[in-house]
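Here's the structure, in structure tokens; my notes come after.
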Amino acid sequence: MKETTEIREFFVKSGRYQGTVLLNEPVAQKTTFKIGGTAPLYFEPENTDSLLFTLETLCKNKIQFFILGGGSNIVVSDDGFDGAVISTSRLNDIKFRLVSGSSAEVTCLSGTPTARLVSYCTQNCLSGIEKFAGLPGSIGGALFMNARCFDLSISGLLKSAEYIDLKTMSTVHYDFCENDWDYKRSPFQCGGKILTSATFTLEKKHSDELERIAAECRRYVNERVQKGHFKYPSAGSVFKNNRDFGEPSGKLIDECGLCGKRIGGAQIAPWHGNFIVNTDNATQKDVRDLVDLAVRTVQEKKGFLLQPEIIFCGK
Ligand SMILES: Cc1cc2nc3c(=O)[nH]c(=O)nc-3n(C[C@H](O)[C@H](O)[C@H](O)COP(=O)(O)OP(=O)(O)OC[C@H]3O[C@@H](n4cnc5c(N)ncnc54)[C@H](O)[C@@H]3O)c2cc1C
């Protein structure tokens with residue numbers, strides 16, 4: 001790998017890149033878990049052309065990279081990353097158009113925070129996305145994970161998306177196809193596709209309904225607050241739920257007596273078996289050890305194999 005300073009110089013002088021290039025950037029504070037080391041190279045492209053240029057350059061130079069959305073579903077290595085992190089935080093823009101009757105299409109760039117999209121929709125009386133109020137992270141991350149809130153998957157609202165195909169380094173238009181999606185599964189998880197934007201189909205309501213939509217959003221946020229989602233840094237639910245288990249993964253963990261269990265600075269939340277929280281400078285290893293403990297114990301005592309939903313990334 002070329003020297004990181006040389007690479008930054010190349011971006012600055014290229015005339016094709018708008019955005020920042022930072023060296024040895026700490027990543028923990030850019031994640032909701034507040035765990036992890038640094039990125040030797042940290043890019044924040046300001047538009048999709050600059051994102052494309054970043055991807056082309058890194059691939060040409062065989063530099064590994066990780067795409068960071070809102071950092072709310074990841075646990076970063078204590079040793080940080082090899083290579084680069086590309087943050088989508090500046091790819092943040094939303095617009096909508098009426099299609100026919102009350103149908104509306106809302107298009108946003110992939111780094112747009114889901115919370116911002118929900119409040120934009122509320123302000124414009126666009127209904128359908130209320131259940132995602134309070135979901136941390138970006139729309140790119142939500143689509144990658146096929147985030148699911150209160151029994152609605154984000155794919156249920158998707159009309160189309162645009163992504164950069166790393167094989168051809170070109171932008172590809174994707175039309176929603178039901179077979180590509182399942183519970184917590186998206187077509188972007190197979191690799192090589194970097195989401196740049198997404199279009200959702202929503203319903204345009206009369207302005208009289210603004211307060212009802214806003215109240216519904218507040219109700220979903222309050223439910224999260226009451227469930228203790230924001231008490232401590234975390235990455236949300238650690239394990240997927242599986243209908244075959246007959247009960248939620250968190251309940252199985254609770255029934256195995258693991259709630260409150262601590263390793264280092266990480267703890268299985270005493271109030272929510274499926275949350276691991278960072279109570280005191282936890283490391284990725286602390287979280288990994290708790291995950292392994294939960295998997296082992298639930299398998300021994302209940303006979304079910306828990307499947308992690310959080311992503312361990314970095315070195
Ligand atoms: C308190 C709390 C509550 C939560 N509640 C829920 C919940 O109810 N339901 C739920 O499903 N999840 C929940 N989560 C998990 C998380 O918020 C969601 O999965 C979220 O949608 C992830 O988005 P992100 O931008 O933070 O993704 P990140 O964590 O940044 O990234 C996740 C993955 O997506 C990839 N990625 C991100 N952007 C792109 C892109 N543009 N193109 C290609 N790949 C990309 C990353 O490389 C990574 O592999 C919760 C998390 C927290 C902390």
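Mapping of the sequence shown onto UniProt numbering: residues 1 to 315, in sequence order.
Quick reminder that beta carbons are idealized off the backbone N, C-alpha and C, glycines included.
On a predicted model such as this, the values are computed, not experimentally measured, just so you know.
Quiz item: Mapping DSSP to helix, strand and coil, what is Pro113?
Solution: Position 113 of the sequence shown holds residue 113. Looking at Pro113 - three-state DSSP - the assignment turns out to be strand.
Quiz item: At a cut-off of 7 Å, is Ile311 close to ligand 1 when judged by its beta-carbon and the heavy atoms of the ligand?
Solution: Sequence index remark: in the sequence shown, residue 311 carries index 311 (1-based). Yes, Cβ of Ile311 sits closer than 7 Å to a heavy atom of ligand 1.
Quiz item: In the DSSP assignment, what residue or residues form a beta bridge with Val278?
Solution: In the sequence shown, counting from the first residue as 1, residue 278 sits at position 278. Looking at the sequence provided, one finds Asn at residue 278 rather than Val. DSSP lists Ala266 as partners of Asn278.
Quiz item: Where does Met169 land, buried or exposed, given buried means 16+ other C-beta within 10 angstroms?
Solution: Counted from its first residue, the sequence shown places residue 169 at position 169. The residue in question, Met169, is exposed, as its Cβ has fewer than 16 Cβ neighbours within 10 Å.
Self-check item: Backbone CA spacing between Leu52 and Lys193 [nearest angstrom]
Solution: In the sequence shown, counting from the first residue as 1, residue 52 sits at position 52. In the sequence shown, counting from the first residue as 1, residue 193 sits at position 193. About 12 Å.
Quiz item: Between the region 104-117 and the region 126-138, do at least 3 Cβ pairs fall closer than 8 Å?
Solution: yes
Quiz item: Nearest-angstrom Cα distance between Lys30 and Leu305?
Solution: Here the question's residue 30 lines up with position 30 in the sequence shown. Here the question's residue 305 lines up with position 305 in the sequence shown. Each residue's Cα considered, the two are about 31 Å apart.
Exercise. Answer yes or no: do Cys313 and Ser87 have a C-beta to C-beta separation smaller than 8 Å?
Key: Within the sequence shown, numbered from 1, the residue matching residue 313 stands at position 313. Within the sequence shown, numbered from 1, the residue matching residue 87 stands at position 87. No, Cβ-Cβ distance for Cys313 and Ser87 is not below 8 Å.
Quiz item: Can at least three beta-carbon pairs, one atom from the region 268-283 and one from the region 248-259, be found at a separation below 8 Å?
Solution: yes
Quiz prompt | Tyr163 in three-state terms, based on DSSP | solution = Your numbering for residue 163 matches position 163 in the sequence shown. Three-state DSSP puts Tyr163 in a strand.
Quiz item: Leu41 bridges to which residues according to DSSP?
Solution: Position 41 of the sequence shown holds residue 41. Paired residues: Leu23 and Ala84.
Practice problem: Please name the residue in Ser110, Arg243, Asp286 and Tyr174 whose C-alpha comes closest to that of Lys184. | Solution: Counted from its first residue, the sequence shown places residue 184 at position 184. With distances taken between Cα atoms, Lys184 lies closest to Arg243.
Quiz item: If you draw a straight line from the C-alpha of Glu178 to the C-alpha of Lys13, how long is it?
Solution: Translated into the one-based positions of the sequence shown, residue 178 becomes position 178. Translated into the one-based positions of the sequence shown, residue 13 becomes position 13. Going by the C-alpha atoms only, they are around 44 Å apart.
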